[in-house]
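Residue numbers (the working numbering), protein chains in the order written: chain A, 5 to 211; chain F, 5 to 211; chain Y, 5 to 211. Structure first, then comments.
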Amino acid sequence: MINLFKILFFNLGRILSFLYPKTLSQVIESILAYTYTGVHARFFNSWGSYSSMAWGCRVTNPQYISVGNNNVFLRNTAITVTPVQPDHSPSVTIGNNCHFGIRNHLTCINRIVIGDNLLTGAYVLISDNSHGTIEREILDTAPFDRPLVSKGGVYIGNNVWIGDKVSILPNVHIGNNVIIGANSVVTNDIPDNCVTAGIPAKIIKQL
Amino acid sequence: MINLFKILFFNLGRILSFLYPKTLSQVIESILAYTYTGVHARFFNSWGSYSSMAWGCRVTNPQYISVGNNNVFLRNTAITVTPVQPDHSPSVTIGNNCHFGIRNHLTCINRIVIGDNLLTGAYVLISDNSHGTIEREILDTAPFDRPLVSKGGVYIGNNVWIGDKVSILPNVHIGNNVIIGANSVVTNDIPDNCVTAGIPAKIIKQL
Amino acid sequence: MINLFKILFFNLGRILSFLYPKTLSQVIESILAYTYTGVHARFFNSWGSYSSMAWGCRVTNPQYISVGNNNVFLRNTAITVTPVQPDHSPSVTIGNNCHFGIRNHLTCINRIVIGDNLLTGAYVLISDNSHGTIEREILDTAPFDRPLVSKGGVYIGNNVWIGDKVSILPNVHIGNNVIIGANSVVTNDIPDNCVTAGIPAKIIKQL
Numbered sequence: 005m006i007n008l009f010k011i012l013f014f015n016l017g018r019i020l021s022f023l024y025p026k027t028l029s030q031v032i033e034s035i036l037a038y039t040y041t042g043v044h045a046r047f048f049n050s051w052g053s054y055s056s057m058a059w060g061c062r063v064t065n066p067q068y069i070s071v072g073n074n075n076v077f078l079r080n081t082a083i084t085v086t087p088v089q090p091d092h093s094p095s096v097t098i099g100n101n102c103h104f105g106i107r108n109h110l111t112c113i114n115r116i117v118i119g120d121n122l123l124t125g126a127y128v129l130i131s132d133n134s135h136g137t138i139e140r141e142i143l144d145t146a147p148f149d150r151p152l153v154s155k156g157g158v159y160i161g162n163n164v165w166i167g168d169k170v171s172i173l174p175n176v177h178i179g180n181n182v183i184i185g186a187n188s189v190v191t192n193d194i195p196d197n198c199v200t201a202g203i204p205a206k207i208i209k210q211l
Numbered sequence: 005m006i007n008l009f010k011i012l013f014f015n016l017g018r019i020l021s022f023l024y025p026k027t028l029s030q031v032i033e034s035i036l037a038y039t040y041t042g043v044h045a046r047f048f049n050s051w052g053s054y055s056s057m058a059w060g061c062r063v064t065n066p067q068y069i070s071v072g073n074n075n076v077f078l079r080n081t082a083i084t085v086t087p088v089q090p091d092h093s094p095s096v097t098i099g100n101n102c103h104f105g106i107r108n109h110l111t112c113i114n115r116i117v118i119g120d121n122l123l124t125g126a127y128v129l130i131s132d133n134s135h136g137t138i139e140r141e142i143l144d145t146a147p148f149d150r151p152l153v154s155k156g157g158v159y160i161g162n163n164v165w166i167g168d169k170v171s172i173l174p175n176v177h178i179g180n181n182v183i184i185g186a187n188s189v190v191t192n193d194i195p196d197n198c199v200t201a202g203i204p205a206k207i208i209k210q211l
Numbered sequence: 005m006i007n008l009f010k011i012l013f014f015n016l017g018r019i020l021s022f023l024y025p026k027t028l029s030q031v032i033e034s035i036l037a038y039t040y041t042g043v044h045a046r047f048f049n050s051w052g053s054y055s056s057m058a059w060g061c062r063v064t065n066p067q068y069i070s071v072g073n074n075n076v077f078l079r080n081t082a083i084t085v086t087p088v089q090p091d092h093s094p095s096v097t098i099g100n101n102c103h104f105g106i107r108n109h110l111t112c113i114n115r116i117v118i119g120d121n122l123l124t125g126a127y128v129l130i131s132d133n134s135h136g137t138i139e140r141e142i143l144d145t146a147p148f149d150r151p152l153v154s155k156g157g158v159y160i161g162n163n164v165w166i167g168d169k170v171s172i173l174p175n176v177h178i179g180n181n182v183i184i185g186a187n188s189v190v191t192n193d194i195p196d197n198c199v200t201a202g203i204p205a206k207i208i209k210q211l
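Here it is in structure tokens:
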């Protein structure tokens with residue numbers, strides 16, 4: 005009975021694959037991305053030419069975010085900015101020609117500055133903040149209710165390639181021409197022209 | 005031609021952004037979450053007041069799961085319970101005021117007990133079981149067909165903060181007021197008032 | 005007011021849970037998977053009996069991919085093949101009875117060969133390529149524009165179990181009956197009958 009269902013719907017799918025070619029689905033996806041970009045772009049502090057944001061991306065407080073030209077945000081990327089510091093506006097600045105993979109998360113209360121030509125894999129986290137400082141009386145409270153604090157901004161140079169599932173934590177300067185291996189956690193500065201990997205990320209090659 | 009399409013749909017999006025304001029989309033998402041919660045809540049062993057489950061969460065065997073008050077499950081979190089142990093019901097118990105990030109996965113055949121005020125990042129795995137024991141003749145079989153076994157339950161205290169992409173493996177007791185760094189894998193017990201990180205997670209600060 | 009909404013839609017959800025039982029939603033999901041499989045299967049180099057691909061999987065250049073029998077690809081898995089090497093066709097070959105978890109990503113420009121009975125967790129990356137070699141003048145260019153290169157294919161034996169969030173990098177042979185712990189990064193060969201974990205993955209048990 006189940007096999008009959010399988011065969012029936014499998015063959016229905018085969019027929020659909022002739023009626024609805026893949027190129028058509030790609031055109032529709034592009035159109036959705038263009039439209040979705042238009043929905044969101046006017047709320048940004050600035051939004052460069054030919055930058056696009058795929059369907060399902062989420063942005064909080066885009067008025068603090070500046071995006072250059074020719075950037076691509078793939079599906080389900082989130083950029084969340086929260087203005088919590090008194091006398092200090094948070095800001096996210098993204099250069100030109102950056103390419104963010106699926107399901108990245110940028111979270112900012114202080115400052116995230118990204119240069120040109122960044123390439124990221126999937127599930128990358130870039131955060132300049134954490135839930136509370138590490139003190140005995142803070143740890144006794146609910147993490148969600150701890151005040152967001154920032155040890156410092158995140159600064160990323162040009163031509164940086166960040167692998168899948170990397171987490172970049174607050175107060176980090178990443179130089180130009182850096183490669184960060186998959187699954188790494190970046191907690192310290194990385195100089196120019198380096199390959200780094202691990203938890204915490206260590207330099208495994210410097211050119 | 006492609007640029008014409010881009011400009012056309014980009015501006016269509018701009019117009020839509022006036023017709024369909026973001027606050028409306030947030031109201032609709034809340035309504036979907038309330039409804040989705042109502043769809044699932046009655047199947048749980050218990051479901052506390054003001055706990056909510058976003059659209060796309062998945063639950064297997066909710067009759068073994070008890071959820072306290074004021075908990076939040078963000079999108080696409082999965083809780084899968086499988087009763088495989090003879091003479092022993094699995095159970096998942098979640099306290100109050102916990103906040104699960106997107107795409108968490110709790111998988112239970114034995115016992116998962118979570119206290120109050122848990123905060124988790126995205127892509128967190130909490131598992132009390134694995135596919136088979138590590139014996140020569142077991143390894144010769146297909147992992148999917150190996151019997152699920154549990155070395156012990158997972159117990160998580162109060163005020164715990166679990167970073168993005170953390171995996172918590174079976175037979176682990178995590179104390180109160182613990183912080184677990186992003187991308188860590190927890191395989192050993194963690195005492196109260198600690199910060200841990202790494203694979204396997206080690207204590208990097210104790211207060 | 006918000007509480008009134010919550011109560012209203014929560015109870016609407018309860019009513020819906022009687023009208024639309026879970027088993028019905030599971031039947032519909034199965035039907036969608038059969039249909040989606042049928043849409044894609046005819047484009048593959050070969051597609052075995054009873055292999056299925058859930059809604060939302062993405063495939064690039066399926067004509068280079070051979071899939072055996074009884075394989076399961078869960079939601080949002082992507083297989084991307086790119087023919088960039090002159091005089092050399094890329095190929096992905098998957099045996100029988102493999103079970104890929106949600107949101108896996110296989111990316112191939114050279115060769116990925118997977119045996120029988122593979123089981124993977126969620127967010128697993130299997131890649132035989134990278135963006136450019138590690139040379140000073142290459143690092144000065146945009147990562148996205150660097151030519152894709154492969155140090156060697158990825159070969160995975162039979163009865164292998166790969167944990168959540170594992171990344172498997174190019175030029176790696178993984179033996180039979182191997183277990184790879186959650187969050188690991190595999191950069192070296194793994195012999196038969198091993199348990200490995202860490203970044204980079206090291207043997208923690210050999211039988």
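Where is the CB? At the ideal position from N, CA and C, for every residue including glycine.
Item to check | Y:H135 to Y:V153 span [Cα, whole Å] | outcome: Taking the first residue of the third sequence as position 1, residue 135 of chain Y is located at position 131. Taking the first residue of the third sequence as position 1, residue 153 of chain Y is located at position 149. Approximately 6 Å between the Cα atoms of the pair.
Checklist entry - How about Y:K26: is its Cβ closer than 6 Å to a heavy atom in the ligand ADP? => result With respect to the ligand ADP, the structure shown offers nothing to examine, as it has no ligands at all.
Checklist entry - Are F:I203 and F:I178 touching if we call contact CB-CB under 7 Å? => result Taking the first residue of the second sequence as 1, we reach residue 203 of chain F at position 199. Taking the first residue of the second sequence as 1, we reach residue 178 of chain F at position 174. Against a cut-off of 7 Å, the Cβ pair of F:I178 and F:I203 comes out as no contact.
Checklist entry - Should F:F14 be flagged as near chain A, meaning a C-beta pair shorter than 7 Å? => result If you number the second sequence from 1, residue 14 of chain F lands on position 10. For F:F14, the closest Cβ of chain A is nearer than 7 Å.
Checklist entry - So what's Y:S55 in DSSP terms, helix, strand or just coil? => result Translated into positions along the third sequence, residue 55 of chain Y becomes position 51. Three-state result, Y:S55: coil.
Next on the checklist: Let me check one thing: in DSSP terms, what residues is A:A82 bridge-paired to?
Outcome noted: Reading the first sequence from its first residue, position 78 is the one you call residue 82 of chain A. Per DSSP, A:R62, A:H109.
Item to check | Classification of F:H109 by the beta-carbon crowding that lies within 10 angstroms, buried from 16 upward | outcome: Here residue 109 of chain F refers to the residue found at position 105 of the second sequence. Here F:H109 is buried, its C-beta having at least 16 other C-beta atoms within 10 Å.
Checklist entry - Quick one: Cα of A:R62 to Cα of Y:V190, how far? => result Position 58 of the first sequence, counted from the first residue, corresponds to residue 62 of chain A. Position 186 of the third sequence, counted from the first residue, corresponds to residue 190 of chain Y. Answer to the nearest angstrom: the Cα atoms are 32 Å apart.
Item to check | Endpoints, alpha helix (DSSP H) assigned at A:T27 | outcome: Looking up residue 27 of chain A in the first sequence gives position 23. Note, A:T27: alpha helix (DSSP H), 26 to 45.
Checklist entry - Taking 7 Å as the CB-CB cut-off, is Y:A186 touching chain F? => result As a position in the third sequence, residue 186 of chain Y is number 182, starting the count at 1. Yes, Y:A186 lies at the interface with chain F (some Cβ there is under 7 Å from its Cβ).
Checklist entry - Short check: CB of A:I99 to CB of A:G125, under 7 Å? => result Sequence index remark: in the first sequence, residue 99 of chain A carries index 95 (1-based). Sequence index remark: in the first sequence, residue 125 of chain A carries index 121 (1-based). In the sequence under discussion, the amino acid at residue 99 of chain A is Gly, which differs from the Ile named in the question. Not a contact, by the Cβ cut-off of 7 Å.
Next on the checklist: Taking 7 Å as the threshold (C-beta atoms), are F:K169 and Y:K206 in contact?
Outcome noted: What you label residue 206 of chain Y is simply residue 202 of the third sequence in a count that begins at 1. What you label residue 169 of chain F is simply residue 165 of the second sequence in a count that begins at 1. No. Outside cutoff.
Item to check | C-beta contact flag for A:F13 and Y:I35 at 7 Å | outcome: The residue labelled residue 13 of chain A in the question sits at position 9 within the first sequence. The residue labelled residue 35 of chain Y in the question sits at position 31 within the third sequence. Contact flag set, yes.
Checklist entry - Going along chain F in order, which residues have a C-beta closer than 7 Å to the C-beta of Y:Y4? => result Nothing can be reported for residue 4 of chain Y, as the shown portion of chain Y is limited to 5 through 211.
Checklist entry - Just reading off the alpha helix (DSSP H) that A:I142 is part of, what are its end residues? => result The residue you call residue 142 of chain A lines up with position 138 of the first sequence. That run of the alpha helix (DSSP H) goes 140 to 143.
Checklist entry - By Cβ distance, which residues of its chain are closer than 6 Å to A:P66, with the 5 residues on each side in sequence left out? => result For this step, residue 66 of chain A is matched to residue 62 along the first sequence. Counting only Cβ-Cβ distances below 6 Å, and skipping sequence neighbours, we find F47, F48.
Checklist entry - By the criterion of Cβ-Cβ separation under 7 Å, what are the contact partners of Y:V76 in chain A? => result To locate residue 76 of chain Y, count along the third sequence from 1; it is residue 72. Neighbours of Y:V76 on chain A: none; closest Cβ ~13 Å, over 7 Å.
Checklist entry - Y:I116 and Y:V88 look like a contact to me (Cβ under 8 Å); what is the Cβ gap, rounded to whole Å? => result The residue given as residue 116 of chain Y occupies position 112 in the third sequence. The residue given as residue 88 of chain Y occupies position 84 in the third sequence. With a Cβ gap of about 15 Å, Y:I116 and Y:V88 do not count as contacting.
Checklist entry - Nearest chain Y C-beta to F:G119 closer than 7 Å, yes or no? => result Locating residue 119 of chain F in the second sequence gives position 115, counting from the first residue. Not an interface residue.
Checklist entry - For F:V164, which beta-bridge partners are listed by DSSP? => result Here residue 164 of chain F refers to the residue found at position 160 when the second sequence is read from its first residue. DSSP lists no partner for F:V164.
Checklist entry - If you drop the 5 nearest sequence neighbours on each side, which residues of the same chain put their C-beta closer than 6 Å to that of F:L123? => result In the second sequence, the residue the question calls residue 123 of chain F occupies position 119. The residues are H103, W165.
Next on the checklist: For a cutoff of 7 Å on Cβ pairs, would you count F:S171 as touching chain Y?
Outcome noted: By one-based count along the second sequence, residue 171 of chain F stands at place 167. Chain Y, which has a Cβ nearer than 7 Å to the Cβ of F:S171, makes this yes.
Checklist entry - What residues from the segment 142 to 157 of chain A come within 7 Å of chain F, judged by C-beta to C-beta, listed N to C? => result L143, D144, T145, A146, P147, F148
Next on the checklist: Between Y:N38 and chain A, is any beta-carbon pair separated by less than 7 Å?
Outcome noted: Along the third sequence, one-based indexing puts residue 38 of chain Y at 34. It is Tyr, not Asn, that sits at residue 38 of chain Y in the sequence shown. Chain A, which has a Cβ nearer than 7 Å to the Cβ of Y:Y38, makes this yes.
Next on the checklist: Residues of the segment 87 to 112 of chain Y in Cβ contact with chain F at a cutoff of 7 Å, in chain order, please.
Outcome noted: N101, H103
Next on the checklist: I need the straight-line Cα distance from Y:A186 to Y:G167, nearest angstrom please.
Outcome noted: For this step, residue 186 of chain Y is matched to residue 182 along the third sequence. For this step, residue 167 of chain Y is matched to residue 163 along the third sequence. Looking at the two C-alpha atoms, the distance is approximately 4 Å.
Next on the checklist: Once DSSP output is grouped into helix, strand and coil, what is the label at A:I19?
Outcome noted: Taking the first residue of the first sequence as position 1, residue 19 of chain A is located at position 15. Correct three-state label for A:I19: helix.
Checklist entry - Y:R150: which of A:I138, A:N163, A:E141, A:D149 sits nearest, CA to CA? => result The residue labelled residue 150 of chain Y in the question sits at position 146 within the third sequence. Answer by Cα proximity: A:N163.
Next on the checklist: Is it buried or exposed, A:K173, if we count other Cβ atoms within 10 angstroms and call 16 or more buried?
Outcome noted: Here the question's residue 173 of chain A lines up with position 169 in the first sequence. The sequence shown places Leu at residue 173 of chain A, rather than the Lys named in the question. Answer is buried; the Cβ neighbour count reaches 16.
Item to check | Buried or exposed (CB count within 10 angstroms, at least 16 for buried), F:G156 | outcome: Within the second sequence, numbered from 1, the residue matching residue 156 of chain F stands at position 152. The residue is exposed, with fewer than 16 neighbouring Cβ atoms inside 10 Å.
Item to check | With 16 other Cβ atoms within 10 Å as the buried cut-off, status of Y:H92 | outcome: Sequence index remark: in the third sequence, residue 92 of chain Y carries index 88 (1-based). Per the 10 Å Cβ criterion, exposed.
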